[in-house]
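Chemist:
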Amino acid sequence: MTNWKSYLLPALFLIQAGINLVFYGFPAVMFSVVIPASLYGKLAWALPFLIFGYFAFGILALYYLSASNVRRGRFLGFLYFGAGALGSAAVLSEFIHETPMLPAIFALWLALSLLGTLLLFRGIEVSWKLSLVAMLLLGVSAIVSASTAQWVVEDYYAHVHIGEIPENATVIVAYPENVSPPNATG
Numbered sequence: 030m031t032n033w034k035s036y037l038l039p040a041l042f043l044i045q046a047g048i049n050l051v052f053y054g055f056p057a058v059m060f061s062v063v064i065p066a067s068l069y070g071k072l073a074w075a076l077p078f079l080i081f082g083y084f085a086f087g088i089l090a091l092y093y094l095s096a097s098n099v100r101r102g103r104f105l106g107f108l109y110f111g112a113g114a115l116g117s118a119a120v121l122s123e124f125i126h127e128t129p130m131l132p133a134i135f136a137l138w139l140a141l142s143l144l145g146t147l148l149l150f151r152g153i154e155v156s157w158k159l160s161l162v163a164m165l166l167l168g169v170s171a172i173v174s175a176s177t178a179q180w181v182v183e184d185y186y187a188h189v190h191i192g193e194i195p196e197n198a199t200v201i202v203a204y205p206e207n208v209s210p211p212n213a214t215g
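According to the numbering used here, the sequence shown is numbered sequentially starting from 30.
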């Protein structure tokens, strides 16, 4: 029977992939906060590629940790969890949040990233079966996040800059204007 500790690190990757599948915009919000505002306008087109790169670190880390190159896997895992911890801390340091749930989820992401870094530092083994499932979920999570990245960032910034939470967040992508309804008489 396998050691139960070999399931810990892949489980962290699985939990983060699951969180990202439910709240698909986490990496987009993280990168939009980490990238300076002066550069963001020039780098916004690269956001999906940054997201793919971020999740590629996690996928490759699990691959190398479950294969024979543990040293490379630990390095890539440190990059993945380090970027997650840095991005989460940056989002948590902002005082304006769209919803109270946002800081709670980013605090969980930060805690999971720090725990993942600690487990990598301790050098525990990983279950290759659970790692395979985690790699698949991280890949799906990367595709979902990258494909919705631009919309999520525009929506997030529109809400933060307006300073209020509109009733229908999917419609508002800029500052709202009062417009009469179609077929209105006046």
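Think of the CB as a built atom: it goes at the ideal place given N, C-alpha and C, for glycine as much as any other residue.
None of these values were measured; they are calculated from a predicted model.
Would you mind stating whether L76 and F52 have Cβ atoms separated by less than 7 Å?
Modeler: Working through the sequence shown from its first residue, we reach residue 76 at position 47. Working through the sequence shown from its first residue, we reach residue 52 at position 23. Cβ atoms of L76 and F52: not closer than 7 Å.
Chemist: Check this for me: beta carbons of L89 and V155, under 7 Å apart or not?
Modeler: Taking the first residue of the sequence shown as position 1, residue 89 is located at position 60. Taking the first residue of the sequence shown as position 1, residue 155 is located at position 126. Taking 7 Å as the Cβ cut-off, L89 and V155 do not qualify as a contacting pair.
Chemist: Straight-line CA distance for V62 to L37?
Modeler: As a working note, residue 62 is residue 33 in the sequence shown. As a working note, residue 37 is residue 8 in the sequence shown. Rounded to the nearest angstrom, the two C-alpha atoms are 29 Å apart.
Chemist: Check whether the Cβ atoms of L43 and A163 sit closer than 7 Å, and answer yes or no.
Modeler: Start at 1 with the first residue of the sequence shown, and residue 43 comes out as number 14. Start at 1 with the first residue of the sequence shown, and residue 163 comes out as number 134. Cβ atoms of L43 and A163: closer than 7 Å.
Chemist: Answer yes or no: do A46 and L167 have a C-beta to C-beta separation smaller than 7 Å?
Modeler: The residue labelled residue 46 in the question sits at position 17 within the sequence shown. The residue labelled residue 167 in the question sits at position 138 within the sequence shown. Contact: yes.
Chemist: Can you tell me whether I88 is helix, strand or coil according to DSSP?
Modeler: For the purposes of this step, residue 88 is identified with residue 59 of the sequence shown, where counting begins at 1. Helix at I88.
Chemist: Assign F86 to buried or exposed, taking buried as 16 or more other Cβ atoms, counted over all protein chains shown, within 10 Å of its Cβ.
Modeler: Counting from one through the sequence shown, the residue named residue 86 turns up at place 57. With 16 or more other CB atoms across the displayed protein chains lying within 10 angstroms of its CB, F86 is buried.
Chemist: Looking at the unbroken alpha helix (DSSP H) that takes in A75, where does it start and where does it end?
Modeler: Within the sequence shown, numbered from 1, the residue matching residue 75 stands at position 46. No alpha helix (DSSP H) contains A75, which DSSP labels as neither H nor E.
Chemist: Label A66 either buried or exposed according to how many other C-beta atoms from any shown protein chain fall within 10 Å of its C-beta, with 16 as the threshold for buried.
Modeler: Translated into the one-based positions of the sequence shown, residue 66 becomes position 37. Exposed: under 16 other Cβ atoms inside 10 Å.
Chemist: Assuming the contact rule is C-beta atoms closer than 8 Å, A57 and I80 should be a hit. Round their C-beta distance to whole Å, please.
Modeler: Against the sequence shown, residue 57 aligns to sequence position 28. Against the sequence shown, residue 80 aligns to sequence position 51. Taking the Cβ atoms as the reference, A57 lies roughly 7 Å from I80, within the contact range of under 8 Å.
Chemist: Tell me, to the nearest whole angstrom, how far the beta carbon of L121 is from that of L139; I am working on the premise that it is less than 8 Å.
Modeler: Start at 1 with the first residue of the sequence shown, and residue 121 comes out as number 92. Start at 1 with the first residue of the sequence shown, and residue 139 comes out as number 110. Correct: roughly 7 Å between the Cβ atoms.
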